[in-house]
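Colleague: One structure follows; several queries about it will come next.
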């Protein structure tokens, strides 16, 4: 489970059934569907590109309370209504939010303090409801030079990444591990390294954006082996990562260098494997204590 989980605010989903139905009817009307015919059938005939004009700028989101997802994630965990016979590997990149901040801020390269505040307030408009604006603003601006454009951009990137991808992924994996740790294996990683070549073609400036969303895909799927003239270290590290993933797929376990998220010490802190070719045995102890387990805990759980 790489960079993302269907876990949102505990009190309010990104989109509910009423909103989804209203949006569907609005799209149908905009596409000139005949009021006398079944508007669902009309939408099925529509050009997908026309429908995509109305999508959430960040992404597509599930609707809970349906035959496909009858209950919300938090309820499933609380009532243990989910498949428990599964081993899980989940993880994130170090800077998940950096490629998304342009969706809620007008000019990330010249961010001001006002832009930061406006960006936080804009989360409501893209479906991330009930964010405690004062709480998260104070946390992510703590110790930040608010006159420094680059520092503000980095802080906002961290905030947005934690909200939309980082903390949902981590807290989902942690809640899963808390339930199944006696019988199943749960591992978590954080990617701390990126290919310069693939970052460039992906529009990720490593200096200002860090280890962007999607950079783990490069190594997991062996892209350095598929393209010519790749850095020898990227080729080597992609082989390392693919061997780890295929071993997990084969037997549900990682080597001893990668401890389980919760299982190794009964009262120990969560352990996360730092994916970095410069240190293959890097283990991060409780790296999300202040963020996901701190400032965002009561938002998601």
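Residue numbers (the UniProt record's numbering): 1 to 301.
Positions of the beta carbon are idealized from the N, C-alpha and C atoms, including for glycine.
Does the segment 81-99 come close enough to the segment 125-138 that 3 or more CB-CB pairs lie under 8 Å?
Modeller: No, the segment 125-138 is not in contact with the segment 81-99.
Colleague: Would you mind listing the beta strand (DSSP E) stretches within the segment 92-116 that are 3+ residues and don't spill past its ends, in chain order?
Modeller: If we require 3 residues or more, the segment 92-116 turns out to have no beta strand (DSSP E) run fully inside it.
Colleague: Which same chain residues end up closer than 6 Å to residue 1 when comparing Cβ atoms and leaving out the 5 residues on each side of it in sequence?
Modeller: Result list for residue 1: 90, in chain order.
Colleague: Which residues share a DSSP beta bridge with residue 274?
Modeller: Residue 274 pairs with 190.
Colleague: In chain order, what residues of the same chain have a beta carbon less than 8 Å from the beta carbon of residue 225, not counting five sequence neighbours either side?
Modeller: Within the same chain, residue 225 has close Cβ partners 235, 238 and 239.
Colleague: Which residue's Cα is closest to the Cα of residue 289: 282, 269, 159 and 197?
Modeller: With distances taken between Cα atoms, residue 289 lies closest to 269.
Colleague: Mind pulling the alpha helix (DSSP H) runs of 4 or more residues that sit fully within the segment 199-256?
Modeller: List check, alpha helix (DSSP H) in window: 206-209, 215-220, 223-226 and 232-251.
Colleague: Take the Cβ of residue 199 as the centre, count every other Cβ of all protein chains shown within 10 Å, and call the residue buried at 16 or more, exposed below.
Modeller: Buried, by the Cβ-count rule.
Colleague: Under the three-state reduction of DSSP, which class applies to residue 282: helix, strand or coil?
Modeller: Residue 282 falls in the coil class under three-state DSSP.
Colleague: For residue 290, list the residues DSSP reports as bridge partners.
Modeller: DSSP lists no partner for residue 290.
Colleague: Contact defined as beta carbons within less than 8 Å: I believe residue 233 pairs with residue 165. What is the distance between those atoms, to the nearest angstrom?
Modeller: Contact doesn't hold; Cβ gap of about 26 Å is too wide.
Colleague: With distances taken Cα to Cα, identify the nearest neighbour of residue 63 among 29, 26, 42 and 7.
Modeller: Here the closest residue by C-alpha is 7.
Colleague: Could you say which of 92, 120, 256 and 65 lies nearest to residue 105 if we only look at CA atoms?
Modeller: Out of 92, 120, 256 and 65, 120 has the C-alpha closest to the C-alpha of residue 105.
Colleague: Using a Cβ-Cβ cutoff of less than 7 Å, which residues in the same chain neighbour residue 259 once the five nearest sequence positions on both sides are dropped?
Modeller: Here the set comprises 271 and 283.
Colleague: Could you tell me if residue 44 is buried or exposed, where buried requires 16 or more neighbouring beta carbons within 10 angstroms of its beta carbon?
Modeller: By the 10 Å Cβ count, residue 44 comes out exposed.
Colleague: If we ignore side chains and look at the alpha-carbon of each, how far apart do residue 53 and residue 218 end up?
Modeller: Looking at the two C-alpha atoms, the distance is approximately 29 Å.
Colleague: Would residue 154 pass as a contact of residue 3 if the rule is Cβ separation under 8 Å?
Modeller: No, they are not a contact pair.
Colleague: Does any C-beta atom of chain D lie closer than 8 Å to the C-beta of residue 214?
Modeller: Here there is only one protein chain, and chain D is not present.
Colleague: Do you know offhand how far residue 285's Cα is from residue 221's?
Modeller: For residue 285 and residue 221, the distance between alpha carbons rounds to 27 Å.
Colleague: Using a Cβ-Cβ cut-off of 8 Å (strictly less than) and excluding sequence neighbours within five positions of residue 244, which residues of its own chain qualify?
Modeller: Result list for residue 244: 254, 255 and 258, in chain order.
Colleague: Just to confirm my understanding: we take residue 113, look at its own chain, exclude 5 residues before and 5 after, and list those with CB closer than 6 Å. What are they?
Modeller: Contacts found: 146.
Colleague: Let me know if residue 98 comes out buried or exposed under the rule of 16 or more other beta-carbons within 10 Å of its beta-carbon.
Modeller: Buried, by the Cβ-count rule.
Colleague: For residue 23, which of helix, strand or coil comes out of DSSP?
Modeller: Reduced to three states, the DSSP call for residue 23 is helix.
Colleague: Just to confirm, is the Cβ distance from residue 280 to residue 192 under 8 Å?
Modeller: Taking 8 Å as the Cβ cut-off, residue 280 and residue 192 do not qualify as a contacting pair.
Colleague: Kindly give me the distance between the Cβ atoms of residue 93 and residue 216, rounded to whole angstroms, as I take these residues to be in contact under 8 Å.
Modeller: The pair is a contact, with the Cβ atoms about 6 Å apart (cut-off 8 Å).
Colleague: Are the CB atoms of residue 77 and residue 175 within a distance shorter than 8 Å?
Modeller: For residue 175 and residue 77, yes; Cβs fall inside 8 Å.
Colleague: Helix, strand or coil: how does DSSP classify residue 269 here?
Modeller: Reduced to three states, the DSSP call for residue 269 is coil.
Colleague: Go to residue 136, then tell me how far its alpha helix (DSSP H) extends in each direction, as first and last residue.
Modeller: It spans 133-141 - the alpha helix (DSSP H) in which residue 136 sits, taken as one unbroken run.
Colleague: Tell me the DSSP secondary structure of residue 155 in three-state form.
Modeller: The answer is helix: DSSP assigns residue 155 an H, G or I state.
Colleague: Would the C-beta of residue 257 count as close to the ligand NAD, meaning under 7 Å from any of its heavy atoms?
Modeller: In the structure shown, the ligand NAD is absent, as is every other ligand, since no ligand is present at all.
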